[in-house]
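Below is one structure, written out as C-alpha cells, with a few remarks after it.
2 protein chains.
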Amino acid sequence: MESLTIGQLARQALVNIETIRYYERRGLIPEPPRTESGYRQYSWDAVARIRFIKRAQELGFSLREISELLSLRVDPNTTCADVKKRAEAKIADVEQKIEALQKMKEALTTLVAMCQREQAPTSACPILETLEDGTLP
Amino acid sequence: MESLTIGQLARQALVNIETIRYYERRGLIPEPPRTESGYRQYSWDAVARIRFIKRAQELGFSLREISELLSLRVDPNTTCADVKKRAEAKIADVEQKIEALQKMKEALTTLVAMCQREQAPTSACPILETLEDGTLP
DNA sequence: ATACACCCTGTACCTTAGTACAGGGTCAAG
DNA sequence: CTTGACCCTGTACTAAGGTACAGGGTGTAT
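Just so you know, the protein sequences line up as chains S and B, in that order. Numbering-wise, our numbering puts 40 at position 58 of the first sequence, and it's gapless, one number per residue. Numbering-wise, our numbering puts 79 at position 97 of the second sequence, and it's gapless, one number per residue.
Structure follows, in C-alpha cells:
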C-alpha cells in the first residue's frame, strides 16, 4: 500500500472524508496527485499532517493559525529571517496559551480543594458557590 | 431597586442583553416573572447566575457543560462529589494541553535556533512531528 | 454483468455562542 | 403629548469548523 485513497486516509487519521476535502479547500493540506479516474492519492505523510492539525486544534489554535504553523519553513519566497520572526511570534502565542491554561488549572484546583465533604448535597456545594460569588482569584 | 430590568441586569453582569435572552432560550437561566406590560423582572440572584456562567466559560466549560453543572445543583440525588469529578476531569484536560503546548514551544525554539545557525529547514515542515514525539526532523 | 463499496463535484445544511435587526409596544421627562 | 430610551418577539445573520446529501462515475468480487 504505497498510497492511500481518501477513505483510507480518513480512517488512518481518524477524521471524516469530508474534513479532508475541507482542509484541502482551506489550503491546510496540499492537493494530492490523482489517479487516471480522478481519485486522490495520498502519501503516508498526509496522516501525520492531519494528526498535527487535529492536535493543534485541541490546543486552541484556529485553522488559520495552524496553516501559519505548517508554513514555517524556508522556500523561494520565504527567508530564514522571516521564518525566525514568525516562529518567535508563535512562541509568544504558545506561552500565552500556557499561562492562561495554568491559571485555569489553578482556579480549578482551588475549587476541587474546597470540596471537603464529598457527600454534601450539591445545594451546599462550595465549588458551585465559589463559581457564583466571584471570590475565585 | 428590588428588581432589575434586562438592561440593568446586562450592565451588572457585563454581558449583552441579547446574550441574556439567549441564555434563557438555552435554559441556562430561568424564565423570570414579567411586569404587567411583559418586561422581564430579574432578582439580584440573576447577576450571580450569569457571572457563574461567564466564570465557568473562562475555565473551559461549554454552555452545555455549564447547564449540567447548574442542574446538578438542584438535583437532590447528586452530591458535591459529582461536581468535584467534573472539575477534576477538566483539570486533567487542561494538564494535557499544557504538556502538548510545552512540546510545541520546544519545537519552535529549536526551529529558531536552527535559523540562527543558518541551518534553516528548507523542505518538509519542521514542526509537523513535534506533537507526536517532540523532536524535529 | 450486476451488486456494492467507494470516489467525484457542488451545494446546502449543522453547531456553538452569540449579534443584529425589523417592527412593534412602554415608560418617564420636559 | 411628544421624544427618547427602553423593552418585546421573531427572524436572520455571523464566524469557525465541519457534515450531509444529490447526482453522478469507478473498481472489484461474484
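Positions of the beta carbon are idealized from the N, C-alpha and C atoms, including for glycine.
Is there a Cβ from chain S that is less than 8 angstroms from the Cβ of residue i?
i: B:P15; result: no
i: B:L41; result: yes
i: B:D115; result: Low confidence applies here, because B:D115 scores a pLDDT of 40, under 50, leaving its location unreliable; read the following figure in that light. No, B:D115 lies away from the interface with chain S (no Cβ there is under 8 angstroms from its Cβ).
i: B:G45; result: The sequence given here has Leu at residue 45 of chain B, not Gly. So no, B:L45 is outside the interface.
i: B:A30; result: yes
i: B:R33; result: yes
i: B:R55; result: yes
In angstroms with no decimal places, state the Cα-to-Cα distance between residue i and residue j.
i: B:R8; j: S:T112; result: 23 angstroms
i: B:D115; j: S:D115; result: In this prediction, B:D115 has a pLDDT of 40, which is less than 50 and means its spatial position is unreliable; nothing more can be read from the coordinates.
i: B:V76; j: S:A(-8); result: 27 angstroms
i: S:F34; j: S:K85; result: 25 angstroms
i: B:S19; j: B:I32; result: 24 angstroms
i: B:F43; j: S:L45; result: 21 angstroms
i: B:Y24; j: S:I109; result: 24 angstroms
i: B:D27; j: B:R3; result: 16 angstroms
i: S:L54; j: S:R99; result: 51 angstroms
i: B:Q78; j: B:T17; result: 49 angstroms
i: S:I(-1); j: S:L(-14); result: 12 angstroms
i: B:V124; j: B:Q(-10); result: Residue 124 of chain B is absent from the model: chain B starts at -17 and stops at 119.
i: B:A74; j: S:A38; result: 17 angstroms
Can you tell me where the alpha helix (DSSP H) holding residue i begins and where it ends?
i: S:F43; result: It is not in any alpha helix (DSSP H) - S:F43 carries neither H nor E in the DSSP assignment.
i: S:V(-3); result: Note, S:V(-3): premise wrong, no alpha helix (DSSP H); not H, not E.
i: S:A95; result: C62 to M96
i: S:E100; result: Element bounds for S:E100: n/a, residue is neither H nor E.
i: S:E111; result: P108 to D115
Any beta carbon of chain B sitting closer than 8 angstroms to that of residue i?
i: S:V65; result: yes
i: S:R37; result: yes
Open item on the list: Under 8 angstroms, with one C-beta from each stretch per pair, do the stretch 80 to 91 of chain B and the stretch 65 to 76 of chain S reach the 3-pair mark?
Closed with: Result yes; three or more Cβ-Cβ pairs closer than 8 angstroms.
Open item on the list: Measuring CB atoms only, is the stretch 94 to 111 of chain S touching the stretch 50 to 58 of chain B, in the sense that at least three cross pairs come out at less than 8 angstroms?
Closed with: yes
TODO: Residues of the stretch 96 to 108 of chain S with a CB closer than 8 angstroms to any CB of chain B: list them in chain order, please.
DONE: Within the stretch 96 to 108 of chain S, those residues whose Cβ lies closer than 8 angstroms to any Cβ of chain B are, in chain order, C97, R99, E100, Q101, A102, P103, T104, S105, A106, C107 and P108.
- [ ] Give, in chain order, every residue of the stretch -14 to 19 of chain S whose Cβ lies closer than 7 angstroms to some Cβ of chain B.
- [x] none
Open item on the list: Counting only Cβ-Cβ distances shorter than 8 angstroms, please list the residues of the stretch 70 to 99 of chain B near chain S, keeping chain order.
Closed with: E70, K72, I73, V76, E77, K79, I80, A82, L83, Q84, M86, K87, L90, T91, L93, V94, C97 and Q98
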